[in-house]
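A.B. asks: Dumping the structure here so I can ask a few things about it.
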Amino acid sequence: MSDFKEDILKGRVALITGGATGIGKEIARTLGKHGARIAITSRKQENLDAACQEFEKEGIECLNVASDVRDGAAVEAVIAAVIEKWGGLNIVINCAAGMFIAPIERMSYNGFKTVVDIDLLGTYNVTKAAYTAYLKDHGGCIVNISAPFEHWGVSSMAHVAAAKAGVESLTRTCAVEWAPLGIRVNSVAPGFISDTEGVKRAGEAMDIPDDRTLKGTRQDMANAVLFRVSDSASFISGICIRVDGGATIDLLRMPVV
Ligand code: COA
0 MSDFKEDILK GRVALITGGA TGIGKEIART LGKHGARIAI TSRKQENLDA
50 ACQEFEKEGI ECLNVASDVR DGAAVEAVIA AVIEKWGGLN IVINCAAGMF
100 IAPIERMSYN GFKTVVDIDL LGTYNVTKAA YTAYLKDHGG CIVNISAPFE
150 HWGVSSMAHV AAAKAGVESL TRTCAVEWAP LGIRVNSVAP GFISDTEGVK
200 RAGEAMDIPD DRTLKGTRQD MANAVLFRVS DSASFISGIC IRVDGGATID
250 LLRMPVV
């Protein structure tokens, strides 16, 4: 749970892509617990149904619509369903993402393209469809779940690093183009977050110590998103918050002597 008041998102409608599992699910739950009516989308209907059943037990009503964010027409249908069910759309969280660990030499052309398509093109598709269908006439806010990779080299994740750097760029461009329309666009970049598919996959290739200075929780991510979509952040746009305990700026990992 967060320290924010329970009703700060009352009257808002939020769509969370990738909202059936991992960080996206925690974001959906947290926005729902703070008064938003929520909708989630992801590829697998069984994951969506399971998440919605969990939410309903917690008193959160949730619409779910299966889609692949790479498919522009499917995404437009999701946005239309959300607007029809809840009467509008105020908050969009782009959290759907894919990744696997492989150096460039073992990454096929299609493997690279697949992740860029999900992470970057998918973010564009959802953002553009939400803008066109509702946000351009009503304002709102978008949060893109990014990664703290924009200025670094990242071994074995060329696809994710390139895609998420693109997401950061897209975030800034949308923020400046749409500021006059009352649309804020921000990003939140996780470091290592426990109990996520991404860290599970990274953990198979590297030993990440179980240490609070290195590993955050899904709730840490959800709280940062909650702040970004709240009115407390109403003059904040086009900028990334890293949720990493400072770990990703500690380049040399020198001991404190
Ligand atoms: N190592 C190397 N290549 C891989 C791979 C791996 N572990 N996983 C997928 N690929 C390649 C496939 O071989 C294929 O390329 P090819 O056609 O040249 O053989 C390409 O990626 C697409 O794979 P496919 O399984 O058809 O794509 P998909 O759309 O079903 O999903 C992922 C691919 C990467 C998104 C999948 O791993 C996934 O669903 N991950 C779960 C989500 C996730 O990782 N979330 C955390 C985000 S931080």
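Going by numbering that gives the first Met the number 0, the first residue of the sequence shown is number 0, and it counts up by one from there. For glycine and all other residues, C-beta sits at the position ideal for the given N, C-alpha and C. All figures in this text were calculated on a predicted structure; none of them were measured in a lab.
(1) Does the segment 11-29 come close enough to the segment 210-218 to have 3 or more Cβ pairs within less than 8 Å?
(2) Going by Cα to Cα distance, which pick from A80, H33, E196, L251 is closest to D2?
(3) Let me make sure I understand the geometry here. Which of A164, A95, A178 has the alpha-carbon closest to that of H259?
(4) Let me know the beta strand (DSSP E) ranges lying completely inside the segment 137-208, each 3 residues or longer, listed in chain order.
(5) G244 and T212 - do their beta-carbons sit closer together than 8 Å?
(6) With a CB to CB cut of under 7 Å and the five nearest residues on each side skipped, what residues in its chain are close to L47?
(7) Mapping DSSP to helix, strand and coil, what is K4?
(8) Hey, which unbroken runs of the beta strand (DSSP E) at 3 residues or more fall wholly within the segment 55-140?
(9) Which residues bound the alpha helix (DSSP H) around T29?
(10) Assuming A95 and I117 form a contact by the criterion Cβ under 8 Å, report the distance between their Cβ atoms to the nearest whole angstrom.
(11) When DSSP labels each residue in this structure, what does I235 get in the three-state scheme?
(12) By the three-class DSSP mapping on this structure, what secondary structure does V224 have?
(13) Output needed for C51: all residues of its chain with C-beta closer than 6 Å, excluding positions within five of it in sequence on either side, in chain order.
(14) Below 8 Å, how does it come out for the segment 119-138 and the segment 78-86: are there three or more Cβ pairs, yes or no?
(15) Can you tell me whether M156 sits near the ligand COA, meaning its C-beta is under 7 Å from at least one heavy atom of the ligand?
(16) Let me confirm a value: G152 is counted as buried when at least 16 other C-beta atoms fall within 10 Å, else exposed. Which label applies?
(17) Specify whether the segment 4-15 and the segment 223-231 touch according to this definition: at least 3 beta carbon pairs, one from each stretch, less than 8 Å apart.
(18) Work out the CA separation of E57 and T247 for me, nearest whole Å.
(19) Could you pull the start and end residues of the beta strand (DSSP E) that I15 belongs to?
(20) Which residues in the same chain have their Cβ closer than 7 Å to the Cβ of A204, if we skip the five residues on either side of it in sequence?
(21) Could you check what DSSP says for R217 in three-state terms: helix, strand or coil?
(22) In this structure, how does DSSP classify T247 when only helix, strand and coil are distinguished?
C.D. replies: Let's see:
(1) yes
(2) Position 3 of the sequence shown, counting from 1, holds the residue named residue 2. Ranking the options by Cα distance to D2, first place goes to H33.
(3) The requested residue 259 is not part of the displayed model; the chain covers only 0 to 256.
(4) Scanning the segment 137-208 from its first residue to its last, the whole beta strand (DSSP E) runs of 3-plus residues come out as 139-144, 182-189.
(5) Along the sequence shown, read from residue 1 onward, the residue named residue 212 stands at position 213. Along the sequence shown, read from residue 1 onward, the residue named residue 244 stands at position 245. Yes, they are a contact pair.
(6) As a position in the sequence shown, residue 47 is number 48, starting the count at 1. Only A19, I39, S41, N63, A65 meet the Cβ criterion.
(7) Taking the first residue of the sequence shown as 1, we reach residue 4 at position 5. In this structure, K4 counts as coil in the three-state DSSP scheme.
(8) 61-63, 90-93
(9) Reading the sequence shown from its first residue, position 30 is the one you call residue 29. Note, T29: alpha helix (DSSP H), 21-32.
(10) Indexing the sequence shown from 1 puts residue 95 at position 96. Indexing the sequence shown from 1 puts residue 117 at position 118. Yes, A95 and I117 are in contact; Cβ-Cβ is about 6 Å, under 8 Å.
(11) Locating residue 235 in the sequence shown gives position 236, counting from the first residue. In this structure, I235 counts as coil in the three-state DSSP scheme.
(12) The sequence position of residue 224 within the sequence shown is 225, counting from 1. Correct three-state label for V224: helix.
(13) Counted from its first residue, the sequence shown places residue 51 at position 52. For C51, the CB contacts under 6 Å within the same chain, skipping 5 residues up- and downstream, are C61, N63 in chain order.
(14) Remark: three or more beta-carbon pairs, one from each stretch, lie closer than 8 Å, so the segment 119-138 and the segment 78-86 are flagged as touching.
(15) Here residue 156 corresponds to residue number 157 of the sequence shown, with the count starting at 1. Result no, Cβ not under 7 Å from the ligand COA.
(16) Position 153 of the sequence shown holds residue 152. G152 is exposed by the Cβ-count criterion.
(17) yes
(18) By one-based count along the sequence shown, residue 247 stands at place 248. By one-based count along the sequence shown, residue 57 stands at place 58. T247 and E57: Cα-Cα distance of roughly 34 Å.
(19) The residue labelled residue 15 in the question sits at position 16 within the sequence shown. I15 -> beta strand (DSSP E) spans 12-16.
(20) The count along the sequence shown starts at 1 and reaches residue 204 at position 205. Excluding positions up to five away in sequence, the list reads I100, S155.
(21) The residue given as residue 217 occupies position 218 in the sequence shown. Per DSSP, reduced to three states, the secondary structure at R217 is helical.
(22) Along the sequence shown, one-based indexing puts residue 247 at 248. Looking at T247 - three-state DSSP - the assignment turns out to be helix.
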